[in-house]
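Before any comments, here is the structure.
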Amino acid sequence: MKPFQYLRPKTIAEAISMAADDPEARYIAGGTNLVDLMKRGIASPTKLIDINHLPLKKIEHRYDRLRIGALALNSEVAKHKAVVTRQPLLAQALLAGASGQLRNMATVGGNLLQRTRCSYFYDLALPCNKRKPGSGCGAEGGINRTHAIFFAGNGFGGIEKSSCLAVHPSDMCVALTAVDTVVVVNGPDGERRIQMKDFLRLSTQQPELDTNLGPGELVTAIEVLDNAFAKHSHYLKVRDRASYAFALVSVAVALQMDGGRIWDARLALGGVAHKPWRYWAIDLMLRGKAPSEQLFREVAEHEMESAKALEGNAYKIKLTSNAMVAALKTAAGIS
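Just so we're aligned, residue 0 is where the sequence shown starts under numbering that gives the first Met the number 0, counting upward by one.
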């Protein structure tokens, strides 16, 4: 680990000022991902800016939205009454992630910013476009059992050769992508608000960048808009072992139902793309229809038409389809 300067700002403005003039500066809170990257030599910040003393831990319902500070712990968010009652999909996703010990350290902001767990990214001896742009992707023709099946662009497996096959690791981000979420950030030019769908990036250009944050910008909160999905939402995570494992495939489903029919639907997938993959057509396909396994199977098969398997992960296409059907059935309350 290379030497670095450790700083503890007293205000948000001071933190931003410390980071704005140094592209190698990094904010640190729980450090559950960043410290690992530093130990392996993947991240070598010149400054570590400790933001734990900033007033960013509050969880509250404001007007028409749930606002969660970036320093709120994952464990606290998952059990907070306003989250459990208003946004249970988020609580389910958080409880599916990591371990109890890690949830007690990890923050909402850190969860948003965590980096892929791709083994090629973590191995400095192997090529990785995310770690070193232009060096190639080790997963191309390598061991790619856990890698993406949805891409943007053209090239190997439907993705450009200068890009990245890794998947996004967060469970929380899948749930936030399924519902209407805004990421609130502060930077040298003041506050701005970014829709969740635009916050994380696909990998066809500059795969080394995971988000659309600008230099020195600090995530201060997320806001989840009120919705009518609380009674019919479900987060399903399929993994190799029952705990402390990243998703092979995950599905976040949120339905609004009345009179035995679906009137609004949201669905996002994890473990299948460089960022949580939102299935935008689902609302049109389900609106006004009575839930059934046959209907959900048609929806899943329609979505999987755009999936492209790599040599080692063809199983994910069937697995994702089945997981979508299972999650939709659970959310709809049918057996």
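Every residue, glycine too, gets a C-beta built ideally from N, C-alpha and C.
CA-CA distance, R25 to C127, rounds to 21 angstroms. Collapsing the DSSP output to three states places S134 in coil.
Out of E190, A12, E75, L224, the CA that lies nearest to the CA of L65 is found in L224. Contact between G29 and A77 does not hold, since the beta-carbon distance rounds to 14 angstroms and is not under 8 angstroms.
DSSP links I48 through a beta bridge to L6, Y26.
Counting only residues of its own chain and dropping the five nearest sequence neighbours on each side, G259 has a CB closer than 7 angstroms to the CB of A289. The beta strand (DSSP E) runs of length 3 or more contained entirely in the stretch 225 to 272 are, from start to end of the chain, 232 to 237, 248 to 257, 260 to 269. Across the structure, A272 and S202 are spaced so that their CA atoms are roughly 9 angstroms apart. Counting only the Cα atoms, A19 lies some 17 angstroms from L53. By the CB criterion at 8 angstroms, F245 and R238 fall inside the cutoff. Here the C-alpha atom of K131 lies approximately 27 angstroms from the C-alpha atom of V248. By the Cβ neighbour-count rule, T45 is exposed, with fewer than 16 other Cβ atoms within 10 Å of its own. Restricting attention to A69, V107, A12, M323, the CA atom closest to the CA of A251 is found in M323. Looking only at R265, P87, H146, L89, the smallest Cα-Cα distance to A313 is reached by H146.
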